[in-house]
Amino acid sequence: METASNKTYKSRLFTSNVLLQKDELEERLEKCHGLLTSVVSNLSENEAHDALNQMVSKGPQQHEEASLGLLFIILVEPTAAPKAYRDLTCITRDGLSLIMTRLIGIITEKLTKLLDSVRTQVLWLSNELIKSIVPGVEGLCQALLRQISGGDNSPSNVWLAENVLGLLNTNRAWLEKNPILLATAVYTYLRLLEDHEAAPFKNLRQMEIEFCSSLLKERFVDCIPIGRDLVRLLQNVARIPEFNALWKDIVHKPQSLCPQFTGIAQLLHTRTSRKFLACRLHPEMENKILFLTSKVKFGQQKRYQDWFQKQYLSTPESQSLRADLIRYIIGVVHPCNEVLCSDIIPRWAIIGWLLTSCQTAVSTANAKLALFFDWLFYQPDKDNIMNIEPAILLMHHSIRSHPAITSTLMDFLCRIIQNYSTLPDVQVKQGVIKAFRHILSKKVVMSLSPLFDNPKMDRDLRSLIRNTLAEFCDSGSKLEESSTSAFSKVESSSASSSSDMLSSLGSRMMEADTSSSSKDTELADSGVDEELEPPDEEAVFSDPDEDEDGDMTAASKSENSKEKDYEFKPIEKEVIDENEERDSNEDITELEDLENLGDDLKELVIKFSQQSDPAVRSNIMEDILKCIASLDEFEDETAKSLAVCLNFCLIDELMTPCFSRERNPEDSLDGPIYVLCRSICVLPTHDVGRERHLTLLGALHTVDQKFGYRFLFFLKASVTDDERLTIYEDFANTFRGEKTLQGCLSEDLKVCQDYDVKAFRFIISSIYKKFPEYVVGNSEVLHMLVGTMEPRQLNQLISEITLGELTIFGEDSKLDTLLESTLEWESFEQQCVWHLIQAEDVLLESFVNILPSLKKDQHAEALSNLLILMKSVAPSADLVIPVLSMECSEKRPGNQFSVSLLIYWAQEYPRELAQLIGQQLCKQASASKKRKGAKSQLGTNLELVLSHLDWLHKICQEQEDLSFFKHDGLRSALDQVKQTASEARKSKFKLLFSMCEDKDTRKRTTRASILAANRAASSSSESEEEEEQAVKPRNAKRRRKTNNTVESDSDE
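So the mapping is simple: the working numbering equals the position in the sequence shown, first residue as 1, plus 321.
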C-alpha cells in the first residue's frame, strides 16, 4: 500500500520521480495550506477575510502558517493567485518580509527544480511585489538575475532570461530608482548578448540591445560603478550599431552621457566590484569553484575538473563562460595564508586548465583578456596584487613543463598593450610596468629574467618583449641577480608566439582601420593538452585585505642569501609615511551624504578623512562630537548621513583587530572609534549630548554592524568589572528597532566571532555573567562560544564555572532541545559542550531523554560523555526509562551503550536496578491487558526492555555471575510478562523466561518449610506451662511478621 501511494503521489511544485523523496518545503507549504483551508472553507469572502485576520492575530506561528498557505495557492493555482495575493497583503504583519525570504530561498536553491507553471507564477508574484514596492524586492530581482546562466542556451535558461528582462522592462521606472540593481541588470544582459547571436534568439537579442543601450545612454551615471569590466563587455558587442554609437560618445564625448563622467580612463581605472563579477556565475557553479579552490589538493583535481567540464563546459555556447570563470577566480577568490601555504590547488593552475580548454580563437582571446585585464590599468595604491598574482605564477610555473603557455601569454600581453594604447588618456604600458614592479617589490617571484630573457623563446617574441618592456630586460635593471643555469631547466621544445587574437576584437571596439596579420600559432593549436603539473616549491603569501580597496598585510622577510632557483617569497608590506594622505578608490567629497551635513560638520569630516595619524584623528573626532552636541537639532537623517561619511573614513580601523600588540586591553582603546564610545560612557544619563552620541552610534551600526561588537569590547576593556556593560542595554533598547536585547547580543557576537575571534573570547565570559537571562541556555551563543574555543579558554571557563562565577546552561532550562542541536556540530565543539556540562553539574534528568534518538555511528561524542556521566550516579526511574527505550540490535553486542551501563549498574546497584526494571516490566505487562488498542505500541516498548534484559542476561552468564537475576522482584516481573507473552516472544526470550521456572520451584520449597515450622511451633506450645501463655501471642506475632516479610520479598 505504501508503494502504491508513493507512485500515485505527484508533486504540485517540483519535477519529481519515484526515486526522490517529497521535498520538505513542499510538505511545509501543503501543511500550511491545509490549515488555511480549514479556517476559510465554506465561508463568504468577507467572513473568510475576518477569519484570516483573527488567525494571524493569534501569534507569529499562525501568521506564518497563513502567509505560507497563501503563498502555496499563488504558486500552484494561477486563477486563484490574484485573490490570494490581495489576502496576503491585507493580513501581513511584517511587510511581507516572510514571503520575501521564502521566495528568495526558492529562487536561489530550487528554481531549476520547479514545474514550468510554478516558475511562471514565481515571476508573476515577483512582478506584483515590485508593483507594491515591497521592501527587499531588489534582492529578489538580484536572485533572479543570478539564476540566468552564461554560456547556456537551453530552453529553460533562455525562457528565464526573456521573462526576467520583460519583468524589468515592465517596471522600468522602479528599476531606475535602484541604481545597484540597474547596474547589475546592465552587466548581466551585456554579457548575455554574446550568447544570443544565433537566429533563434533574434527577438530576445533585440530586446537585450534596446534594454542595455537605452539604460547606458539615459542612466550612465548609475553604470559608472561597474568599472573597467563594463569596457571589456562593450568591446564584445561593439559591432552592433547601437553600441557603436555609444562607444563613440564614451571615447569622444563623455560629457554628453553624464556631466560627472570625465572619459574612458575613469572607467578603466575603476576596479570592478566583486558583486558584479560574482553575479555572472550561477550559485551552484560558484559553490563548485569555491570547493575546488579551498578543498581539493593539488594533483588530485583531475576528476573534479572532468566533472565540471562535463557539467558546465561541454557545449559550444559554453566557450564564453571561461572568461566569466577567470574573472571570478581573479577578482573574488582571494585565499587566506592557510590555504596558500597548504597543498590546495592554487588559482593559477585552475586558470591554466580553463585556458587550455578553450576551443575557439575568440574564446581563447577573451579568456586571456580576462586574465590580464587588471594588468593594463594597474595602480598599486588602488588595485589588489591578488588580481595580478595568478597570471605571473601561471607563466612562471609553465616555463619548464609547458613553455608554449608562457610564450603565448607573454605574446598576448605585449600585443594587447599596443591595441589599448590608442585609447585617450589611458597609459596601458605604464599600468603593466607598475604591475611588474609591484610583483618584484612584493617578491611574488624573485626575478623576471626567465620570462623576458629566455634563450629558448622565439626570436621575434623576445624582440617584441624587449621593445615593449625594455626596463625589465636590461642588465642594469632592478631585477635580482639572475642565474643562467635556470635556463637549462626550460624544455628544449621551441615555443612559437601566438597570433594577435585580439586584433579583431580591438578593431570592433576602437574602429581602427588597421588590422594585425596572423603569423603565429594559437594557444588552442599549441598541443598543450596534458594536465598542469604541481611546482617543486610552494608559494607563500600573506593574507589579502578583506576590503577590496585594502592592500596586502605584512609578512616576514626572507633573510636567506641569493639563490639560483627562482622561488616565491612572502609578500612584504609597503612602508607608508604617516603623513601620507590615505588612499581610497573613492574620494569622500564624492559621497552624496556629505552634502546633507552642515558646513561645520562637513569641514570636520573632510579634515578627518585626510588625516592618517591616530592621535590627530581622535582629536578631530572629539571636535565632531562637540559639534553634534552644540547643534540645535540632530535629526535621524543627519545622523544617517554623518554615519555613512564616518564609516567611509573608519573602514581601515574596523578591519583591524580590537587588540593591539599590547597585552593590556586598555592599551587597545586608542583611536577615533573609542572616542565616541568613551563619550557615551562618561556623559550623564539624561545629557543631550549623550543621547545624540547614542543616536550616532546606532546610525553607524546600521551602516556597518562591526560597531556593535566594538562598543561591547570597549565596555568590557575600559574598566576592571562588568558594570559598564549595562550601557549596552540602553544602546540596544533605544536604537536597534524592534529587535530584542537577546537578538542584538546574538547579532553583535556573531559579527565579532566572524571578524575578531580574539575579541570574542575576551568579552563572551562577561556577556554570560552580565546578561544571563538572554544567553544562558541559548544554543546560538553556545555554538559561537565552542566554535572559537581553544584549550586555554576552555580551562579558564571550567575554572570559573567550578568557582560558581559563571553559568552556561542554567538550572531551570530544559536541555534536551539544546543538546539535540549540538549533535550536528564539529567533534571538538561537542566535546567542549560536554566538558562545560560536567563542570556545571547539570542534572542528568534534564537531558537524558535524548538517548533514544542517539545513533552510535553518528553521535559518538554524546554517547561517550553520557556514559561517563551516568556511571557516576545511582540508577533512578528518570534515568533507566530512556536507557531502556534505546534501540537494541539482535546482533552482538546489542546496544553497546545501554548494555555497558546496565552491566555497571547491576554490579554497583543491583537491588535498585532490579526493582526499577521490574517495575517497568510489570507496568507494561499490566497495561497490555487493560488496553488492547495500544497493544502494538506498548508491545514495542516491552520488546525493547526485554531485549536489553536479554543481552544483560547473556553477558552475566558469560561472566558466570547471575546474582542480579536472583532478585525476587525481577523474577516476579518476568513471570508476569511471561503469562501474557505470545509464543513467539516466549521463544525469542526463552533463556530469560527460564529464570521464572527456577523462581517457582524456589517459592514452593520456601512455603513448605515455613508451614512445617509453624506446625512444630504449635505442638510444642501445648506442653509449656501456663505462665508462658502470655509470651506465645508475641512469638506468634513475630513469626507472622517474618512470614509476611518472606512472602513480600517473593512477590515483588
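In this text, a Cβ means the ideal position worked out from N, Cα and C, and glycines have one as well.
Exposed unless 16 or more other CB atoms sit within 10 angstroms - verdict on residue i
i, result
"K379", "exposed"
"L1283", "exposed"
"T505", "buried"
"K631", "exposed"
"V1040", "exposed"
"G416", "exposed"
"L1281", "It should be pointed out that residue 1281 corresponds to Glu in this sequence rather than to Leu. Burial call: exposed."
"S768", "buried"
"D307", "The requested residue 307 does not occur in the structure, where the chain is confined to residues 322 to 1373."
Three-state secondary structure assigned by DSSP to residue i
i, result
"L1124", "coil"
"S337", "coil"
"I1084", "helix"
"I1129", "coil"
"I469", "coil"
"S332", "coil"
"I561", "coil"
"K1177", "coil"
"D1033", "According to the sequence displayed, residue 1033 carries Leu and not Asp. Helix at L1033."
"L1187", "helix"
"M778", "strand"
"I1001", "helix"
"K618", "strand"
"I571", "helix"
"I454", "coil"
"I650", "helix"
"L435", "strand"
"I709", "coil"
"I313", "Residue 313 lies beyond the residue range present for the chain, which begins at 322 and ends at 1373; the question has no answer from this structure."
Reference residue i; option with closest CA among the options
i, options, result
"C1065", "D1077, V1078, V1096", "V1096"
"F1034", "I1085, L1291, Q581", "I1085"
"I420", "D1289, N374, L350", "L350"
"L1242", "A1038, S1293, Q1228", "S1293"
"L432", "I469, I451, T400, D408", "I469"
"C998", "M976, R1031, V1009", "R1031"
"Y510", "A520, Y406, P521, Q463", "Q463"
"N917", "P935, L963, L946, S930", "L963"
"K1287", "L466, D732, L1234", "L1234"
"E792", "M767, K764, K755", "K755"
"K452", "A1198, T410, R440, I427", "T410"
"S594", "S418, I501, Q342, L697", "I501"
"L790", "P776, V753, N687", "V753"
"E1145", "T1123, N1116, K1176, E1161", "K1176"
"L436", "Y406, V397, Q383", "V397"
Proximity below 7 Å, CB of residue i to CB of residue j
i, j, result
"P1196", "W1155", "no"
"V361", "I412", "no"
"D645", "R601", "yes"
"F929", "C970", "yes"
"T727", "S719", "yes"
"L967", "C948", "no"
"W674", "L715", "no"
"I786", "C735", "yes"
"E1182", "S1142", "no"
"I760", "V749", "no"
"Y508", "F564", "no"
Per the contact definition of three or more C-beta pairs closer than 8 Å, is the region 639-653 in contact with the region 618-625?
With a cut-off of 8 Å, the region 639-653 and the region 618-625 do not count as touching, because too few Cβ pairs lie within range.
Quick test of the definition: if touching needs 3 or more C-beta pairs under 8 Å, does the region 571-584 touch the region 487-505?
Segments in contact, no.
Any chance the region 679-688 sits against the region 531-549, with 3 or more Cβ pairs inside 8 Å?
In the pairwise beta carbon analysis, the region 679-688 is classified as not touching the region 531-549: fewer than three pairs are separated by under 8 Å.
Do the region 1217-1225 and the region 1187-1195 meet, that is, are 3 or more Cβ pairs less than 8 Å apart?
Counting C-beta pairs with one atom in each stretch, the region 1217-1225 and the region 1187-1195 have three or more that are closer than 8 Å, which means they touch.
Taking 8 Å as the cut-off, does the region 388-399 touch the region 363-372 (at least 3 CB pairs, one atom from each stretch)?
In short, these stretches do not touch, since the Cβ pair count stays below three.
Do the region 1157-1169 and the region 1121-1136 make contact, defined as three or more Cβ pairs closer than 8 Å?
Under the 8 Å Cβ criterion, the region 1157-1169 counts as touching the region 1121-1136, having at least three qualifying pairs.
On the three-pair Cβ rule with 8 Å, is the region 342-357 touching the region 438-453?
Taking a contact to require three or more Cβ pairs closer than 8 Å, the region 342-357 and the region 438-453 do not qualify as touching.
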